[in-house]
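A.B. asks: Okay, here's the structure, questions in a sec.
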Amino acid sequence: MNLKSAALVLVVISLLMPPMTSVITAVITGEENWESVEFETNGLKVIYKRSEGETSSVALFFKGGVRNINEHNQGIEPFLLTLATRGSKNYPKDILSSELARMGTSIGTSAERDYSVISFRSIDQYFEESWSIFVDLILNPTLDEGEAELVREQLISWAKQARDNPDVWIWRIAGESFFSGHPYALEPEGTPTSLAGLSVQDLKEYHQEQLMTSKLMLVVVGDKPPSELKKMIGASFGDLPEGNYEETILPKIKSHPELNSEGRNLPTNYVVGYWTAPNLKSEDYYPMLVATEILKYHFWWEVKEEQTLAYEVYASLSSDSSNWGTLYVCTTEPNEAVELMLREIERLKQEEVRPLELEYIVYLFITDYCLGQESAQAQALRLGHLELVGNGWETGAEEIEKIKEVTPQDIKRVTNQWIESISFGTLGPKGIDRRLFLQTGEKAVPSFTDWLREKFCSAACMRGCKLV
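According to my numbering, the sequence shown is numbered sequentially starting from 1.
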């Protein structure tokens, strides 16, 4: 969404929607529409959120992520989970496909740095049937040799394609130096070499190692009463060993000025910069999140709109256990574009953001956040993420308030504290000014005129729109 469109959307939303406080209550705290509980069954932690929609979602999280793997078995979790969704003891491939199509149930997997997850989404009418399939895929996957080769070829093909896609490969280039020496340097999705070396026997042994309830966590978002869920979960997972899995604490990523460049004859240049950032358990996380959103819009305005130096430009903040922020630009003039971006960062360090601009950015973020949490599946994945990486799933009800509490002083403080140095990666044909990218020159505040900033705020808040 560009700023002109966003301003128009802001006015429409303010006129047509109920007050934002009531919207947030329905989506985030849900006092009127759902209940949340946590319970254990045979050592398996279960998080349940009641949702009165017509669909339910279940997500089973495998704890650990990169903590569980090494250089030789990178990619084993997505390999195993993808293969598991191809058929099980009671639901061979053809029957599985037919049943899922009949019910409209979807099953998905994901391998992240801090965990892996397998989930399903179904309409409530077929929840119990979908649950039976889901459980059988987890406990009794076929892990067929022939099917394993098909999955392996697919995963290796995707891994090789990363190098051919500059928009993907640039993240590998930048991450190579930033994550060096850290467990996050491992690829959860695997490499062509590691995937080629994994046997079906490796997958079977790894599968058995994961099936202990202390290593698993289940999240359910739907309308099934908790008492019924407890019976279903106990019948399904009650015989698994509890084990004694304890997750190790990952070290903080140490950020320092770095430049990793790859020359390639491309129509444009790609630049990614990483910096160390607070994680979800830190009080600085939400101020840093808002600061990053402000940088995103400043980058867009100054680099793309005013100077027309970029095809795409943004800043973002991750939410992993060892966390980081990023900046990205696709441009034919990387030196000029990055210089402007660094100056905008320096501006946030030296000047407090104007309250009206902060209010506008927060409003847009909250709106996008609420829209992104509408589905049962999105809520299930978010609750699980907050439990495993943050301060607990219950903090989901506090996220909006924490974002709204961020002050201009907070933004200036965290920008100075956390964006101390940036590790860059570049890909493309243009020569790179190493002195600029290694941040060894004099830092300057840009001549980003006050009247443009006033114009920006006025457009965003036209007709006296008040934010909550």
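Yeah, the Cβ is synthetic: ideal placement off N, Cα and C, and Gly gets one too. Owing to the predicted nature of the structure, the values given are computational and were not obtained by experimental measurement.
Is it a yes or a no for the segment 247-254 touching the segment 218-231, going by three-plus beta-carbon pairs under 8 Å?
C.D. replies: no
A.B. asks: Roughly how many whole angstroms lie between the Cα atoms of L60 and S321?
C.D. replies: Position 60 of the sequence shown, counted from the start, is the residue given in the question as residue 60. Position 321 of the sequence shown, counted from the start, is the residue given in the question as residue 321. Straight-line Cα distance between these residues: approximately 19 Å.
A.B. asks: Less than 6 Å between C-beta atoms, sequence neighbours within five positions excluded: which residues of the same chain meet that for L96?
C.D. replies: Within the sequence shown, numbered from 1, the residue matching residue 96 stands at position 96. Cβ neighbours of L96 beyond the five flanking positions: G87.
A.B. asks: Could you please give the first and the last residue of the uninterrupted alpha helix (DSSP H) stretch that includes L139?
C.D. replies: The residue given as residue 139 occupies position 139 in the sequence shown. Where L139 is concerned, the enclosing alpha helix (DSSP H) starts and stops at 127-139.
A.B. asks: Between which residues of its own chain and P469 is the CB-CB distance below 6 Å, once the five residues before and five after are set aside?
C.D. replies: With the chain represented from 1 up to 468, any question about residue 469 goes unanswered, as that position is not in the structure.
A.B. asks: In whole angstroms, give me the CA-to-CA distance for D484 and A277.
C.D. replies: Only positions 1 to 468 of the chain appear in the structure, and residue 484 is not among them; the question remains open.
A.B. asks: Compare the C-alpha of E283 against each of F299, W275, V406 and name the closest.
C.D. replies: Indexing the sequence shown from 1 puts residue 283 at position 283. With distances taken between Cα atoms, E283 lies closest to V406.
A.B. asks: According to DSSP, simplified to helix, strand and coil, what is S116?
C.D. replies: Numbered from 1 along the sequence shown, position 116 holds the residue referred to as residue 116. Note: S116 maps to strand in three-state DSSP.
A.B. asks: For V168, count the other beta carbons within 10 Å of its own beta carbon; 16 or more makes it buried, fewer makes it exposed. Which is it?
C.D. replies: Within the sequence shown, residue 168 is the residue found at index 168, counting from 1. It is exposed - the Cβ of V168 has fewer than 16 other Cβ atoms within 10 Å.
A.B. asks: Round the Cβ separation of E177 and S423 to the nearest angstrom and send it over; I've been treating them as touching at under 8 Å.
C.D. replies: In the sequence shown, counting from the first residue as 1, residue 177 sits at position 177. In the sequence shown, counting from the first residue as 1, residue 423 sits at position 423. Position check: residue 177 holds Ser in this sequence, whereas Glu was assumed. Right, their Cβ atoms sit about 5 Å apart.
A.B. asks: What's the gap between the Cα of K304 and the Cα of T268?
C.D. replies: The count along the sequence shown starts at 1 and reaches residue 304 at position 304. The count along the sequence shown starts at 1 and reaches residue 268 at position 268. Cα-Cα distance, rounded: 14 Å.
A.B. asks: How is the alpha helix (DSSP H) around E293 delimited, first residue to last?
C.D. replies: The count along the sequence shown starts at 1 and reaches residue 293 at position 293. Where E293 is concerned, the enclosing alpha helix (DSSP H) stretches over 285-299.
A.B. asks: Is the beta carbon of M232 sitting closer than 8 Å to the one on W131?
C.D. replies: As a working note, residue 232 is residue 232 in the sequence shown. As a working note, residue 131 is residue 131 in the sequence shown. Against a cut-off of 8 Å, the Cβ pair of W131 and M232 comes out as a contact.
A.B. asks: Could you give the C-beta distance for S36 and K45, rounded to a whole number, given that I count them as a contact under 8 Å?
C.D. replies: Position 36 of the sequence shown, counted from the first residue, corresponds to residue 36. Position 45 of the sequence shown, counted from the first residue, corresponds to residue 45. About 13 Å separates the two Cβ atoms, so there is no contact after all.
A.B. asks: Who are the Cβ neighbours of I133 in its own chain at under 6 Å, not counting the five residues just before and after it?
C.D. replies: Along the sequence shown, read from residue 1 onward, the residue named residue 133 stands at position 133. Counting only residues of its own chain and dropping the five nearest sequence neighbours on each side, I133 has a CB closer than 6 Å to the CB of Y91.
A.B. asks: Give, in chain order, every unbroken run of the beta strand (DSSP E) that is at least 3 residues long and sits entirely within the segment 189-247.
C.D. replies: With a minimum length of 3 residues, the unbroken runs of beta strand (DSSP E) contained wholly in the segment 189-247 fall at 216-222.
A.B. asks: Just the C-alpha distance for E129 and A380, rounded to the nearest angstrom, thanks.
C.D. replies: Here the question's residue 129 lines up with position 129 in the sequence shown. Here the question's residue 380 lines up with position 380 in the sequence shown. The C-alpha of E129 lies about 19 Å from the C-alpha of A380.
A.B. asks: Please check the pair F79 and L203, which I expect to be a contact at CB under 8 Å, by giving their CB distance rounded to whole angstroms.
C.D. replies: In the sequence shown, the residue the question calls residue 79 occupies position 79. In the sequence shown, the residue the question calls residue 203 occupies position 203. That pair is a contact at about 6 Å.
A.B. asks: Rounded to the nearest angstrom, what separates E401 and H207 at their Cα positions?
C.D. replies: Within the sequence shown, numbered from 1, the residue matching residue 401 stands at position 401. Within the sequence shown, numbered from 1, the residue matching residue 207 stands at position 207. Distance between the alpha carbons of E401 and H207: 41 Å.
A.B. asks: For Y245 and T191, what's the separation of their Cα atoms in angstroms?
C.D. replies: By one-based count along the sequence shown, residue 245 stands at place 245. By one-based count along the sequence shown, residue 191 stands at place 191. Distance between the alpha carbons of Y245 and T191: 27 Å.
A.B. asks: Drop a sphere of 10 angstroms on the beta-carbon of E145, count the other beta-carbons inside from all chains shown, and report buried for 16 or more, exposed for fewer.
C.D. replies: Stepping through the sequence shown from its first residue, residue 145 is reached at position 145. Exposed, because fewer than 16 other Cβ atoms sit within 10 Å of the Cβ of E145.
A.B. asks: Would you mind sorting N279 into buried or exposed? The rule is 16 or more other CB atoms within 10 Å of its CB.
C.D. replies: Your numbering for residue 279 matches position 279 in the sequence shown. Result: buried.
A.B. asks: What does a CB cutoff of less than 6 Å around S57 pick up in its chain, not counting 5 residues either side in sequence?
C.D. replies: Stepping through the sequence shown from its first residue, residue 57 is reached at position 57. Once the five neighbours on either side are set aside, the close Cβ partners of S57 are R121, V221, A376, Q377, A380.
A.B. asks: Rounded to a whole number of angstroms, what is the C-alpha to C-alpha distance between C370 and L289?
C.D. replies: On the sequence shown, position 370 is the one that residue 370 refers to. On the sequence shown, position 289 is the one that residue 289 refers to. Answer to the nearest angstrom: the Cα atoms are 16 Å apart.
A.B. asks: Identify whether L327 lies in helix, strand or coil by the three-state DSSP scheme.
C.D. replies: Start at 1 with the first residue of the sequence shown, and residue 327 comes out as number 327. Here L327 sits in strand by DSSP.
A.B. asks: Would E147 and L83 qualify as a contact pair, given that the criterion is a beta-carbon distance under 8 Å?
C.D. replies: Within the sequence shown, the letter at position 147 stands for residue 147. Within the sequence shown, the letter at position 83 stands for residue 83. Contact: yes.
A.B. asks: Buried or exposed, going by whether 16 or more other CB atoms sit within 10 Å of the CB of H72?
C.D. replies: Residue numbering aside, residue 72 sits at position 72 when the sequence shown is read from its first letter. Under this definition H72 is an exposed residue.
A.B. asks: Considering only DSSP beta bridges, list what Y48 is partnered with.
C.D. replies: Here residue 48 refers to the residue found at position 48 of the sequence shown. Answer is V37, V220.
A.B. asks: Just curious, the beta strand (DSSP E) that K404 is in, first and last residue?
C.D. replies: In the sequence shown, counting from the first residue as 1, residue 404 sits at position 404. K404 -> not in any beta strand (DSSP E); alpha helix (DSSP H) instead, spanning 399-404.
A.B. asks: CB A111 to CB E149, shorter than 8 Å?
C.D. replies: Here residue 111 corresponds to residue number 111 of the sequence shown, with the count starting at 1. Here residue 149 corresponds to residue number 149 of the sequence shown, with the count starting at 1. No, they are not a contact pair.
A.B. asks: Answer yes or no: do E189 and G75 have a C-beta to C-beta separation smaller than 8 Å?
C.D. replies: By one-based count along the sequence shown, residue 189 stands at place 189. By one-based count along the sequence shown, residue 75 stands at place 75. For E189 and G75, yes; Cβs fall inside 8 Å.
A.B. asks: Can you tell me which of F62, L340, I156, Q161 puts its alpha carbon nearest to the alpha carbon of H298?
C.D. replies: Numbered from its first residue, the sequence shown carries residue 298 at position 298. Ranking F62, L340, I156, Q161 by Cα distance to H298 puts L340 first.
A.B. asks: With respect to the alpha helix (DSSP H) encompassing Y369, which residues constitute its N-terminal and C-terminal limits?
C.D. replies: Along the sequence shown, one-based indexing puts residue 369 at 369. Residues 355-372.
A.B. asks: CA-CA distance, H385 and V219?
C.D. replies: Here residue 385 is taken as the residue at index 385 of the sequence shown, counted from 1. Here residue 219 is taken as the residue at index 219 of the sequence shown, counted from 1. So the alpha carbons of these two residues sit roughly 10 Å apart.
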